[in-house]
Amino acid sequence: MDISGQEHLDVKHDVFKQRIDAHGKVIATKQDAVGGMKVEKPLQHHGGRLEHNETYCGSCYGAQESPEQCCNSCEDVREAYRKKGWGVSNPDSIDQCKSEGFLQTIKDEEGEGCNIYGILEINKVAGNFHFAPGKSFQQSNVHVHDLLPFQKDSFNLSHKINKLSFGEPFPGVINPLDGAQWIQHSSYGMAQYFVKVVPTVYSHLNEQIILSNQFSVTEHSRSGDSGRVQALPGVFFFYDLSPIKVTFTERHVSFLHFLTNVCAIVGAMSWTWKTMNSINMANILSAVQPMTKGTCPLVLQVGIFVTTCALELLVLCLLTSG
0 MDISGQEHLD VKHDVFKQRI DAHGKVIATK QDAVGGMKVE KPLQHHGGRL
50 EHNETYCGSC YGAQESPEQC CNSCEDVREA YRKKGWGVSN PDSIDQCKSE
100 GFLQTIKDEE GEGCNIYGIL EINKVAGNFH FAPGKSFQQS NVHVHDLLPF
150 QKDSFNLSHK INKLSFGEPF PGVINPLDGA QWIQHSSYGM AQYFVKVVPT
200 VYSHLNEQII LSNQFSVTEH SRSGDSGRVQ ALPGVFFFYD LSPIKVTFTE
250 RHVSFLHFLT NVCAIVGAMS WTWKTMNSIN MANILSAVQP MTKGTCPLVL
300 QVGIFVTTCA LELLVLCLLT SG
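Quick note, in numbering that gives the first Met the number 0, the sequence shown goes up one by one and the last residue is 321.
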């Protein structure tokens, strides 16, 4: 859901869940048992019990949108309740949930986890997506989750983020949440990630352009009660887009440009050596001038000049060979 008011509940397309055990190993899917406790005469949509000459049309237990609506499964009843903004307080009081063994299924999955993977398409405005237990619905313009079928003091939300990105990958991109882990130490808690998304354009040498994003993140967690407000157990990602766009462009450096840089380096080193030698020569001449006659200063100057040229030639050979 985002600040524009758009909301998607129970997203199932392009997002998948895979059961795993407490050690992270995949649990093979198996055929569910055929029902739980058998209900001899389930409640019909008209309020009476199913007779032998009737076609089954399950009751929605007051949540039907029309008199003809049928709720033939526990999921149908829960979905009808969700649309009304109600919570299912006692699933065993609903024939469909009782016959399907809804509560027993939850108990059988105790200690398990799930691997969630897929793709979400979001608007380019601030919003959030989250993973939390229970059926979600709107109540008095507030997003809530039905946690009645779950035991809140035994819901562990420890998790590891294998990979999270906003957009296509490009060379050099770093996703700071890849491999991040969070361990829940209390009976229940909430993990929050505040993400700042920066639009990014990457231009290749072959003129291929990748429109993607980078992001930075701040982590926060809550556990137990915070004052009088109880934290909703779940993993929440709050994202916001930056008004700044970053552009990366690949460029090819020509040989002429490389040669110009080499000449600039050689020239700078040559100037440095000449300056140092001039200073040294002046110091030497000032020291030996009282003791020298004739051509001695000229010999010293020629010797230093030859040494400077030899050093410049050596540096040039090293640069060109490298």
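Virtual Cβ for every residue (Gly too), placed ideally from N, Cα, C.
- Counting only residues of its own chain and dropping the five nearest sequence neighbours on each side, residue 180 has a CB closer than 6 Å to the CB of 159.
- Where residue 18 is concerned, the enclosing beta strand (DSSP E) starts and stops at 14-19.
- Counting along the chain, residue 159 sits inside the beta strand (DSSP E) bounded by residues 158-160.
- Rounded to whole angstroms, the gap between the alpha carbons of residue 54 and residue 128 is 41 Å.
- Inside the region 242-276, DSSP marks whole beta strand (DSSP E) runs of 3 or more residues at positions 245-248, from first to last along the chain.
- The DSSP-derived three-state label of residue 24 is coil.
- Distance from the CA of residue 60 to the CA of residue 80, rounded to the nearest whole angstrom, comes to 9 Å.
- Straight across, the Cα-Cα distance linking residue 118 with residue 69 is about 33 Å.
- Residue 94 is not bridged by DSSP to any residue.
- Leaving aside the five residues that flank residue 113 on each side, the residues in its chain whose CB is nearer than 7 Å to its CB run, in chain order, 16, 17, 18 and 19.
- Annotated three-state conformation of residue 191 is strand, per DSSP.
- Shown here, residue 103 sits in a helix according to DSSP, grouped into three states.
- Remark: three or more beta-carbon pairs, one from each stretch, lie closer than 8 Å, so the region 235-243 and the region 184-196 are flagged as touching.
- Below 8 Å, enough C-beta pairs join the region 208-222 and the region 171-180 to call them touching: three or more.
- Distance from the Cα of residue 82 is smallest, within the candidate group 62, 91, 100 and 92, for 62.
- At least 8 Å separates the beta-carbon of residue 163 from that of residue 234.
- A distance of 8 Å or more separates the beta carbons of residue 208 and residue 197.
- Straight across, the Cα-Cα distance linking residue 115 with residue 14 is about 7 Å.
- In this structure, the CA atom of residue 257 is about 45 Å from the CA atom of residue 124.
- Excluding its 5 nearest sequence neighbours in each direction, residue 122 has C-beta neighbours in its own chain below 8 Å: 1, 3 and 5, listed in chain order.
- When DSSP states are grouped into helix, strand and coil, residue 197 belongs to the strand group.
- For residue 79, the uninterrupted alpha helix (DSSP H) run begins and ends at 73-83, by DSSP.
- Around the beta carbon of residue 77, 16 or more other beta carbons sit within 10 angstroms, so the residue counts as buried.
- The beta-carbon distance between residue 220 and residue 266, rounded to whole angstroms, is 59 Å. This is too long to meet the 8 Å contact definition.
- Looking at the DSSP output, residue 234 shares a beta bridge with 130 and 190.
- Distance from the CA atom of residue 94 to the CA atom of residue 87, rounded to whole angstroms, is 13 Å.
- About 34 Å separates the beta carbon of residue 21 from that of residue 166, a gap too long to meet the 8 Å contact definition.
- Residue environment analysis places residue 262 among the exposed positions, since fewer than 16 neighbouring C-beta atoms fall within 10 angstroms of its C-beta.
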